[in-house]
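Presented below is the structure to which this report refers.
Number of protein chains: 2
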Amino acid sequence: MYVLIAYDVSTKTPSGQRRLRRVAKACLDYGQRVQNSVFECKVDPAQLVDLKTRLLSIINVDTDSIRIYNLGSNWQRRVEHHGAKESYDVDGTLMV
Amino acid sequence: MYVLIAYDVSTKTPSGQRRLRRVAKACLDYGQRVQNSVFECKVDPAQLVDLKTRLLSIINVDTDSIRIYNLGSNWQRRVEHHGAKESYDVDGTLMV
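Keeping their order, the protein sequence lines are chains H and X. With full-length UniProt numbering, the residue at position 6 of the first sequence is 6, and numbering never jumps. With full-length UniProt numbering, the residue at position 46 of the second sequence is 46, and numbering never jumps.
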């Protein structure tokens with residue numbers, strides 16, 4: 001399944017910047033960064049559980065938030081990109 | 001339909017900060033901010049065209065990007081929120 005992960009953290013502190021890097025690294029193991037704090041990941045249900053567990057171990061639940069959207073199987077038809085940076089193909093570089 | 005709008009801009013410059021405020025204002029006319037640069041909007045097809053036209057008139061296409069995801073009708077089942085800030089109910093405060 002394809003999921004969109006949006007991460008919100010204050011990166012004004014070094015610890016926040018570190019959490020953002022760690023969240024990005026976790027998401028990049030499953031997909032691609034499409035915007036500064038938005039990732040599209042291709043995961044099976046077990047991988048999604050692993051990814052969520054990892055993300056929840058990284059974030060500060062008092063200050064950070066993560067939203068995970070299940071994009072379904074026809075995600076390519078569900079997304080439009082405008083402006084800078086080309087849209088990524090999450091299947092393009094993903095090692096599965 | 002429910003759409004997710006993710007906006008990416010460098011807010012290091014005053015003009016970028018101004019664009020972000022204008023994008024947020026446009027999105028808030030149709031829905032809610034759920035993260036710093038992520039909005040969930042409830043729109044009909046005509047409103048979506050209006051919103052897109054407005055957003056594209058605001059952004060700097062060389063530096064900014066907007067991604068619009070169609071969340072479908074069962075969007076509430078498609079999203080999970082973790083950490084700070086409660087999940088918003090886009091129907092809760094929207095004036096339709």
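Just so you know, even glycine gets a beta-carbon here, dropped at the ideal spot from N, CA and C. Quick caveat, the model's predicted, so the values are computed rather than measured.
What first and last residue would you give for the beta strand (DSSP E) that runs through residue i?
i	result
residue 32 (chain X)	31-35
residue 8 (chain H)	2-8
residue 38 (chain X)	38-42
Report the three-state DSSP secondary structure of residue i (helix, strand or coil).
i	result
residue 25 (chain H)	helix
residue 59 (chain X)	coil
residue 50 (chain X)	helix
residue 73 (chain H)	coil
residue 94 (chain H)	Here residue 94 (chain H) scores only 41 on pLDDT, less than 50, and its place in the model should not be relied on; the value that follows carries that caveat. Correct three-state label for residue 94 (chain H): coil.
Let me check understanding here. Comparing Cα to Cα, which of the options lies closest to residue i?
i	options	result
residue 80 (chain X)	H:77, H:49, H:84, H:12	H:49
residue 60 (chain H)	H:43, H:1, H:7	H:7
residue 71 (chain H)	H:39, H:20, H:35	H:39
residue 29 (chain X)	X:83, X:55, X:65	X:55
residue 4 (chain H)	H:64, H:35, H:62, H:84	H:35
residue 43 (chain H)	H:27, H:33, H:57, H:37	H:27
residue 32 (chain X)	X:17, X:2, X:13	X:2
residue 74 (chain H)	X:46, X:21, X:69	X:69
residue 19 (chain H)	H:78, H:76, H:66	H:66
residue 24 (chain X)	X:41, X:12, X:84	X:41
residue 21 (chain X)	X:76, X:83, X:58, X:78	X:58
residue 17 (chain X)	X:46, X:51, X:64, X:82	X:64
residue 51 (chain X)	H:82, H:10, H:76, H:51	H:82
residue 62 (chain X)	H:15, H:85, H:46, H:12	H:85
residue 10 (chain X)	H:15, H:78, H:37, H:14	H:37
Chain C partners of residue i, CB-CB under 9 Å?
i	result
residue 62 (chain H)	Looking for chain C here will not work: the only protein chains present are H and X.
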